[in-house]
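Chemist: Starting off with a structure, shown below.
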Amino acid sequence: MTAAAAEKIPPAMPSFLDGLRPEALGAPESGIVEVMNYGRTREGMIPLWAGEGDVPTPAFITEAATRSLAAGETFYTWQRGIPDLREALARYHTNLFGKPFEPGRFFVTQSGMHALQTCVRMVAGKGDEVIVPSPVWPNFPAAIGVAGATPVMVPQIYTDAGWQLDRQRIADAVTPRTRGIFINSPSNPTGWVATPDDLAFVLDLARRHGLWIFADEIYTRFHYAGGRAPSFRDIRTPEDRIFFTDTFSKNWSMTGWRMGWIEAPPELGQTIENLVQYSTSGVAAFMQRAGIAALDRGESFVQHQIARARQGRDIVVDGLGATGKVRFAPVNGAFYLFFTVEGRPDVRRLGLEIVDDANVGLAPGTAFGPGGEGFMRLCFLRSPEQLQVATQRLVDWLGRI
Ligand SMILES: Cc1ncc(COP(=O)(O)O)c(C=O)c1O
1 MTAAAAEKIP PAMPSFLDGL RPEALGAPES GIVEVMNYGR TREGMIPLWA GEGDVPTPAF
61 ITEAATRSLA AGETFYTWQR GIPDLREALA RYHTNLFGKP FEPGRFFVTQ SGMHALQTCV
121 RMVAGKGDEV IVPSPVWPNF PAAIGVAGAT PVMVPQIYTD AGWQLDRQRI ADAVTPRTRG
181 IFINSPSNPT GWVATPDDLA FVLDLARRHG LWIFADEIYT RFHYAGGRAP SFRDIRTPED
241 RIFFTDTFSK NWSMTGWRMG WIEAPPELGQ TIENLVQYST SGVAAFMQRA GIAALDRGES
301 FVQHQIARAR QGRDIVVDGL GATGKVRFAP VNGAFYLFFT VEGRPDVRRL GLEIVDDANV
361 GLAPGTAFGP GGEGFMRLCF LRSPEQLQVA TQRLVDWLGR I
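No gaps in the numbering here: position 264 of the sequence shown is 264 in the UniProt record's numbering, and each next residue is one more.
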């Protein structure tokens, strides 16, 4: 190139990305989205990759929202949640756990994700660590990273008999920088359910080291031994440092609404109110009216969801199990089958192959952190008819490979 030509080349533009905080730049892309983008427009695709069912929100819930809108509830509202919803949350928990709950413990958020993020922001920042057993729903460690803290991943122990908390490694992971420990039981993606002993172990560890427990028990109703799953609420005392983060998404088929809640010591109320003010400034009142309908009148719908999930679990477990080509631990809770395919450890490629060859959408286990390598996740909260077809397609495909 001549000197004159070189002069005409403009200097390299600084990248916009150079101006971003490393925590924002480092936020990981979802490992599930790659497969979804690959397969979402395929004709006849049965999508079992996301954590949701196929039933829209029932009318008694949506009608509560439209009534509220028609009545003009369209103004700014309470940051902690409207009093009626906080009372409904207290009633719901009182019924579910068989002991009294105060409305002052509940704070309405813009989704379970926002509940988690709000709690992480209260206790963990630059230089801090939070212990996270994995495989795990990836949004939690990502939220810790975005807050500038470090998720310390501790793989669970896997055998065909089930997933287990690696208590020794969890205890060994505590350092002077540890601020908390995340426990998601029943687990997305593994279906593991913490035993009362596991919970007692974590609570004892937290008490001894002054840690916060982030208790994500959103799948507690999906517990196949019957009733709800064991909970930190069974064993905690008022002094324990526990955040419960929860959501309307799963029990009441409201994933698209983006509404959840935190249960936390009332003493944190002002701080939570402030964090809500400076993030979402509160959840729309008409959505909160829908939340009250869900909590107060949704029990038979929840029972229907649980029965459907149980039926779905049996269809996929029986169908895939009979092939002898996949392995999985018993699914004790939540609504996912987490399985390996014999001789196929590269699950990123496998997800794409299953789209091409079976027209079924599954999520690769690598999206769920250490311990998820080699696994695929299948969501079985779907109509039995579709699950029968999807299972048959997978069985046929397994027969060909
Ligand atoms: C374990 C777990 N926690 C929390 C959530 C948050 O749900 P949402 O943000 O839809 O309220 C999900 C959603 O998949 C989840 O699987």
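C-beta: ideal position from N, C-alpha, C; glycine also.
#1: If you measure from the CB of tryptophan 137, is any heavy atom of ligand 1 nearer than 6 Å?
#2: Alpha carbon to alpha carbon, what distance is there between glutamine 168 and glutamine 12?
#3: For ligand 1, I want to know if aspartate 54 counts as a neighbour, meaning its beta carbon is within less than 6 Å of at least one of the ligand's heavy atoms.
#4: Rounded to a whole number of angstroms, what is the C-alpha to C-alpha distance between glycine 361 and alanine 309?
#5: Considering tyrosine 38, what are the terminal residues of the alpha helix (DSSP H) in which it resides?
#6: For isoleucine 46, list the residues DSSP reports as bridge partners.
#7: Counting only runs of 3+ residues fully inside the region 41-115, write out the beta strand (DSSP E) ranges in chain order.
#8: Going by CA-CA distance only, name the one from Met254, Phe222, Pro138 and Ile235 that's closest to threonine 57.
#9: Out of His223, Met153, Asp160 and Arg208, which has the shortest C-alpha to C-alpha gap to lysine 187?
#10: Between which residues of its own chain and tyrosine 38 is the CB-CB distance below 7 Å, once the five residues before and five after are set aside?
#11: Reducing DSSP to helix, strand and coil, say where arginine 310 ends up.
#12: Using the rule of at least 16 other Cβ atoms within 10 Å of the residue's Cβ for burial, across every protein chain shown, is glycine 298 buried or exposed?
#13: Within its chain, find whatever has a CB closer than 8 Å to the CB of lysine 126; leave out the 5 residues flanking it on each side and keep chain order.
#14: Around the C-beta of lysine 325, are 16 or more other C-beta atoms found within 10 angstroms, so that it is buried, or is it exposed?
#15: Kindly indicate the opening and closing residues of the beta strand (DSSP E) around alanine 215.
#16: Looking at threonine 94: is its Cβ nearer than 7 Å to the Cβ of proline 100?
#17: Bridge partners of tryptophan 163, per DSSP?
#18: When every heavy atom of ligand 1 is checked, does at least one fall within less than 6 Å of the C-beta of glycine 104?
#19: Measuring from the CB of threonine 220, is there a heavy atom of ligand 1 at a distance below 6 Å?
Modeler: A quick look at the data gives this:
#1: yes
#2: Reading off the sequence shown, one finds alanine at residue 12, where the question assumed glutamine. Alanine 12 and glutamine 168: Cα-Cα distance of roughly 52 Å.
#3: Not so, every heavy atom of ligand 1 lies at least 6 Å from the Cβ.
#4: 18 Å
#5: Segment 33-39, the alpha helix (DSSP H) holding tyrosine 38.
#6: Val360
#7: Runs found: 106-109.
#8: Met254
#9: For clarity, residue 187 is serine in the given sequence; the question names lysine instead. Residue His223 is the option with its Cα nearest to serine 187.
#10: Leu352 and Val355
#11: helix
#12: A residue is called buried once 16 or more other Cβ atoms fall within 10 Å of its Cβ, and glycine 298 is buried on that count.
#13: Gly148 and Ala149
#14: buried
#15: Boundaries of the beta strand (DSSP E) harbouring alanine 215: 212-216, taken from the DSSP string.
#16: yes
#17: In the DSSP assignment, the residues bridged to tryptophan 163 are Tyr158.
#18: no
#19: Every heavy atom of ligand 1 is 6 Å or more from the Cβ of threonine 220, so no.
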